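Here the sequence shown is numbered in my numbering, starting from 72 and rising by one per residue.
For every residue, glycine included, the Cβ atom is placed at its ideal position computed from N, Cα and C.
None of the values given here were measured: they were computed from a predicted structure.
Below is one structure, written out as structure tokens, with a few remarks after it.
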Amino acid sequence: MGSATPVTTAITAVPAATTAPSTDTWKKVRLETNKGTIVIALDPDMPVTAGNFEKLVSQGYYDGIIFHRVIDGFMIQGGDPTGTGRGGPGYRIADEFTTHNRNNRGTVAMANAGPGTGGSQFFINLVNNNGLDTKHPVFGTVVEGMDVVDAIGKVSTGAGARPLQNVTITRATIL
Numbered sequence: 072m073g074s075a076t077p078v079t080t081a082i083t084a085v086p087a088a089t090t091a092p093s094t095d096t097w098k099k100v101r102l103e104t105n106k107g108t109i110v111i112a113l114d115p116d117m118p119v120t121a122g123n124f125e126k127l128v129s130q131g132y133y134d135g136i137i138f139h140r141v142i143d144g145f146m147i148q149g150g151d152p153t154g155t156g157r158g159g160p161g162y163r164i165a166d167e168f169t170t171h172n173r174n175n176r177g178t179v180a181m182a183n184a185g186p187g188t189g190g191s192q193f194f195i196n197l198v199n200n201n202g203l204d205t206k207h208p209v210f211g212t213v214v215e216g217m218d219v220v221d222a223i224g225k226v227s228t229g230a231g232a233r234p235l236q237n238v239t240i241t242r243a244t245i246l
């Protein structure tokens, strides 16, 4: 019988990540609004949802669209071309969730009316809304302009949490 050569393997312990992933290398989108500028980093682990948002931005879809729903202490919502909360791009995308899906303050998530109904509407969390983690896919993070998001969150609203004066995305661009 031949002799077997023992195989040795070095095992190196790698500490678990304790912070959110770095957004330095993520694609970014600039939302110019009549209240100021917001820059969003798109999560590369969300190719369907972030890719859909990026596609709509590149087509000029969000230019001129309002934030139609604003709830102080909760979120600001936009992306509906009708401004009613019922409009969209004419198609729906599949829900996409990762193990790090957290609706934390400053994250951007896909709004929907139930499973598999996302399209163009999105919201930016003003606070940690982790009760939404299993319902709304997070596809981005605000990296500049959270003060603008907070200011939008403080505008006066009327019925249906609609701002009394339009808060408009004047231009959305990919950086």
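- Remark: fewer than three beta-carbon pairs, one from each stretch, lie closer than 8 Å, so the stretch 222 to 237 and the stretch 114 to 127 are not flagged as touching.
- Scanning its chain for C-beta atoms nearer than 6 Å, with the 5 sequence neighbours on each side dropped, one finds around Gly154 the residues Ile137, His139, in chain order.
- Nearest to His207 by C-alpha distance, out of Gln192, Val219, Pro152, is Gln192.
- As a beta-bridge residue in DSSP terms, Met181 pairs with Phe193.
- Residue pairing by DSSP places Glu125 opposite no residue, since no beta bridge is assigned to it.
- Beta bridge pairing from DSSP links Gln148 with Arg140, Phe194.
- For Ala165, no beta strand (DSSP E) segment is defined, and its DSSP state is neither H nor E.
- When only Cα atoms are considered, Ser93 and Thr212 end up about 10 Å apart.
- Counted as a single uninterrupted DSSP element, the stretch harbouring Gly229 is not any alpha helix (DSSP H), since DSSP gives it neither H nor E.
- Bridge partners of Ala222 according to DSSP: none are assigned.
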